[in-house]
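From first to last, the protein sequence lines are chains A and B.
Taken in order, the first sequence gives residues 685 to 1000; the numbers are from the working numbering.
Taken in order, the second sequence gives residues 885 to 1202; the numbers are from the working numbering.
Note that CB positions come from ideal geometry on N, CA and C, so glycine has one too.
A quick note: this is a predicted structure, and the numbers were derived from the prediction, not measured.
Encoded as structure tokens, the structure appears first; notes follow it.
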Amino acid sequence: MNFSAASRRRPLDLRSMLPVISLFAVLVPMAIVQPNTVSYFGGVMLLNLGIPIVFATLAQLSVITANELDLSIGSFVSLVACIGGTLLQSSPWLGWGALAGCVLVYALVGALIEYRRISSVVVTLGLSFVWNGIAVLLLPAPGGQAPEWLASLMSFHMPVVPAPLVWTAAIALCTHLFFMRSALGVSLRGVGGNAGAMHRFGWSIIRSKAVLFGCAGLFGVCSGLTLLGLTTSADANIALRYTLLSVAGVILGGGEFTGGRVSPVGAVLGAITLTLASSFLSFLQVAPEWQIGLQGAILIAVLSLRLVFRLKERRQ
Amino acid sequence: MKSILAIRELRRAVWLWSFIGAVLVGVVAGVVFGVGTAGNMLSTASAFVVFTVLVGLGQMLVITSGPGNIDLSIPATIALAGSIGMRVMATSNHAILSGIGAVVATGVAIGLFNYVLIRLLRIPPIIATLSSSFVLQSLAISLGRGGAAPPPALENFALSRIGGVSGLAFVGVALTLLVAMVLFRLVQGRSLSAVGQNARAAELAGVKVGAVRCLTYVSCSVLAALAALLLAAFSGGATLDMGADYMLLSVAVVVIGGTQVAGGRASPTGVWSAACFLFLINALLNATGAGAGLRAIVYGLLIVGVTAIASGASDARA
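This is the structure in structure tokens:
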């Protein structure tokens, strides 16, 4: 409706370029202030931090595809890190079972939200406390130990190209193929776009939302495990800020809150931009207390920019 | 005819369930710990519940204004308003009035800021209040260093007891009556319910939807700011994380109290009974030696469970 045939044929409209533009808007000044940024080791260090955030953003993207919002992803990632640091280390079978159970709960919650037609915001807000409570029970004080293989996976070095760059590109490609190219992905986005039409077409909306929330759970597990691999120890509150970061990453990457309009590649770029932005703020020696406020301000700025583009698009 | 009226009356009493819950938990507490301890517990509740009620009333107004409306900036508002209030009063009894003024002004400013974000940038309220809360948090951190103690008169009032009931409870009741009167008797309040039920229909009926929503967000922030002032006075000074618990609590008392999550139907009585219910559950859990982890799980499951049961499938989506 608001995207006419003309705007779709244009290969490079401003809105789809926004993630790339914002990435360079952070990267270029960063490279000027700290030239090591674009070196091999600079890339490894900065991008490594970004991998868990990329996964968390993709989790949020899956939920936003279903026209819902997940306020529990931050505490879920923390819980996964706690499970990984305790159960997965001491008794791997139990650990993997617990993680699989978490993903299943996520999928069930998605089905419940659609079945009872309840607000995902309220449900996930409640759920965030359940995750946090379990994490506190598992790990009352910061600690735990990452499994060997996880730590070595995250510190894996590749010749010439930084390994995290390859990981991120691979993640972006896989999710792009799944959401944008596969038949299942297209139908899942269709559920976000027009659930009524998909229902009349014979798709189960409940099942689709369960699949999307299940994907979010899977990405959340990946996020928690990669985070644990980086930090090697866990904490029940380790990733609470991921809730904001993941929403911001999806928005920065050109996703819409409604209508199933999402872009996995954009979201990955958005997540990396946010990671770089927080490193950049520390390079500039911005006081820590202002960093979180600046991230909020960045989110507001991006949303304003998007509004400008949207108005321009409508005028054309 | 009479029975139909009775049924309708009962259907309207959405707060009844949380009230029954609160009474049941109260009775259990009385049986387990003896009447004396349970009485002390209720006396303590009359102070602690007030903070929850005030933020709950604010959240109730916002949620009532329609699907998708929620204020996530409440904890940050509490942190900021508390530290500004304590700073303005600077432990002086003479500055209490200007302190209250500053706190209310902070609330108004935050509410307006939230509404401007929602309206001008056309962002969903969740995202708008989430991003504004991060900006507010930074402000609170940089302002709140070396937080001052409350003025002695204010602290004495917050800790006062009249016949076992905390002085704060009277403030809470007064504010609740005010909110209830506006909500059920005045045009502004009726407009709010109308907007929450169907914004388009309300607009066609001549309701100024924008003004109503703006007032709603402002009232929510002002109530949260007042809660911050009382909380800081009660606990001997403002701390940055004193609002952290109130994000979940504000939503919990609204949902459990029977306010429709999809908007259009509010229940101030429900906020009170749900707040009592949660406080008593919390006290029971504490008494049985359960830690913070278990408490969080119980609260979370209560919210999810009540939401799933209470919101019928026929209701509008939130």
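Judged by their CB atoms, Val931 (chain A) and Gln773 (chain A) are not nearer to each other than the 8 Å cut-off. Residues of the segment 993-1010 of chain B whose Cβ lies closer than 9 Å to any Cβ of chain A, in chain order: Leu1001, Leu1004, Leu1005, Arg1006, Ile1007, Pro1008 and Ile1010. According to the DSSP secondary-structure assignment, Arg925 (chain A) is paired through a beta bridge with no residue.
Around the beta carbon of Pro719 (chain A), fewer than 16 other beta carbons lie within 10 angstroms, which makes this residue exposed. A Cβ of chain B is located within less than 8 Å of the beta carbon of Glu973 (chain A). For Val898 (chain B), the closest Cβ of chain A is not nearer than 8 Å. Arg1045 (chain B) is bridged by DSSP to B:Ser1050. The beta-carbon separation of Phe903 (chain B) and Ser1157 (chain B), rounded to 4 Å, stays under the 8 Å limit for a contact. Secondary structure in the segment 1076-1164 of chain B: the alpha helix (DSSP H) runs of 4 residues or longer, each lying completely within the stretch, are 1083-1088, 1093-1118 and 1130-1140 in chain order.
In terms of Cβ geometry, Val820 (chain A) and Gly1177 (chain B) form a close pair [threshold 8 Å]. A direct Cα-to-Cα measurement between Glu973 (chain A) and Val915 (chain B) gives close to 48 Å.
Using a Cβ-Cβ cut-off of 8 Å, Val1079 (chain B) does not count as an interface residue toward chain A, since no Cβ of chain A sits closer than that to its own.
Assignment of Gly910 (chain B) by DSSP, reduced to helix, strand and coil, places it in the helix class. Arg801 (chain A) and Ser966 (chain A) have their C-alpha atoms spaced approximately 43 Å apart. Counting C-beta pairs closer than 8 Å gives fewer than three between the segment 976-993 of chain B and the segment 1136-1145 of chain B, which falls short of the contact rule. For chain B, the residues of the segment 961-989 of chain A that bring a beta carbon within less than 7 Å of one of its beta carbons are Glu973, Trp974, Ile976, Gly977, Gln979, Gly980, Ala981, Leu983, Ile984, Leu987 and Ser988, in chain order. Residue contact with chain B for Gly954 (chain A): absent (no Cβ-Cβ distance below 8 Å to any residue of chain B). When the beta-carbon positions are compared, Val712 (chain A) and Leu968 (chain A) stay at least 8 Å from each other.
When C-beta distances to chain B are compared with 7 Å, the residues of the segment 790-806 of chain A below that value are Leu796, Arg800, Arg801, Ile802, Ser803, Val805 and Val806, in chain order. In this structure, Gly769 (chain A) places its C-beta atom within 8 Å of the C-beta atom of Ala830 (chain A). Nearest to Thr910 (chain A) by alpha-carbon distance, out of A:Gln1000, A:Val814 and A:Trp833, is A:Trp833. Counting along the chain, His841 (chain A) sits inside no alpha helix (DSSP H), nor does DSSP assign it H or E at all.
The shortest C-alpha to C-alpha distance from Gly1094 (chain B) to any of B:Leu1115, B:Leu996, B:Gly1051 and B:Ala1194 is the one to B:Leu996. Think of a sphere of 8 Å around the beta carbon of Ile818 (chain A): the chain B residues whose beta carbon falls inside it are Gly1177 and Ile1181, in chain order. At a C-beta separation below 9 Å, Thr1191 (chain B) has these neighbours in chain A: Arg800, Ile802, Ser803, Val806, Val807 and Gly810.
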